[in-house]
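**Student:**
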Amino acid sequence: LAIGNVVGKDFIKDPGIHRTLIGDGLATSLAALIGGPANTTYSENTGAVALTGAYNPIIMRIAAIFAILLSLVPKFTALIGTIPAPVIGGISILLFGMISSIGIKNMVDAKVNLSNPKVLIITATMLVLGLGGATFKLGPINLSGLGLSAIFGVVLNLILRPKDATGSEG
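If you read the sequence shown in my numbering, its first letter stands for residue 163, the second for the next number, and so on.
What follows is the structure, encoded as structure tokens:
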């Protein structure tokens with residue numbers, strides 16, 4: 163949803179969420195066949211696209227191929243490792259700040275009613291759990307960050323049940 167709002171397209175309809183999930187599943191299956199780890203879709207690209215304005219899918223494909231090829235060159239990998247931590251930190255602040263800002267913009271565009279106490283409780287809990295470093299351990303299960311925040315958001319939404327998607331009570 164976030165990347166669609168940034169580029170002004172509805173990716174749920176075209177190419178379709180089902181095709182995206184199939185692509186993720188096939189990529190993870192291929193990685194498993196060659197002994198690699200499971201693939202995970204991250205939202206950092208949303209921040210990068212918002213910062214650069216490079217919305218063209220061809221540019222994204224070229225950048226992806228370039229990144230894959232460069233990852234196979236150990237000297238380039240070592241060069242990336244020499245980037246000072248403050249520079250990486252600054253880039254991270256921009257990317258994750260953009261992702262958060264885009265999320266807030268999506269809520270504003272959807273006219274989410276943040277004056278509704280139920281919606282405010284859900285939003286506040288998710289923000290604090292997601293950004294505050296909270297962890298939840300139950301036996302071998304260890305949840306933190308986005309996973310913990312998302313699960314609590316879904317559970318709180320089911321318990322508190324705002325009347326509609328915008329959080330209005332009717």
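C-beta: ideal position from N, C-alpha, C; glycine also.
Everything numeric in this text was worked out from a predicted model, so none of it was measured.
Could you pull out every residue in the same chain whose Cβ sits closer than 8 Å to the Cβ of isoleucine 165, ignoring the five residues on either side in sequence?
**Tutor:** Closer than 8 Å at Cβ, skipping near neighbours: Phe173, Ser205, Asn207, Thr208, Val211.
**Student:** In whole angstroms, give me the CA-to-CA distance for glycine 185 and leucine 322.
**Tutor:** For glycine 185 and leucine 322, the distance between alpha carbons rounds to 34 Å.
**Student:** Between which residues of its own chain and leucine 257 is the CB-CB distance below 6 Å, once the five residues before and five after are set aside?
**Tutor:** Around leucine 257: Glu206, Gly209.
**Student:** With DSSP as the reference, identify every bridge partner of leucine 300, one or two as the case may be.
**Tutor:** Its beta-bridge partners are Ile303.
**Student:** How big is the Cα-Cα spacing for proline 199 and leucine 213?
**Tutor:** Roughly 29 Å between the two C-alpha positions.
**Student:** Grab the span of the alpha helix (DSSP H) containing leucine 234 for me, first residue to last.
**Tutor:** Counting along the chain, leucine 234 falls outside any alpha helix (DSSP H), and DSSP gives it neither H nor E.
**Student:** Quick check on phenylalanine 228: does DSSP put it in helix, strand or coil?
**Tutor:** If DSSP states are grouped into helix, strand and coil, phenylalanine 228 belongs with the helices.
**Student:** Taking glycine 307 as the reference, which of Lys299, Gly294, Val316, Leu192 has the closest Cα?
**Tutor:** Of Lys299, Gly294, Val316, Leu192, the residue nearest in Cα terms is Gly294.
**Student:** Counting C-beta neighbours from all protein chains within 10 Å, is the total for phenylalanine 291 16 or more, i.e. buried, or is it exposed?
**Tutor:** Sequence inspection shows leucine at residue 291; the phenylalanine mentioned does not correspond to that position. The residue in question, leucine 291, is buried, as its Cβ has 16 or more Cβ neighbours within 10 Å.
**Student:** Helix, strand or coil, according to DSSP, for glycine 198 in the structure here?
**Tutor:** Reduced to three states, the DSSP call for glycine 198 is coil.
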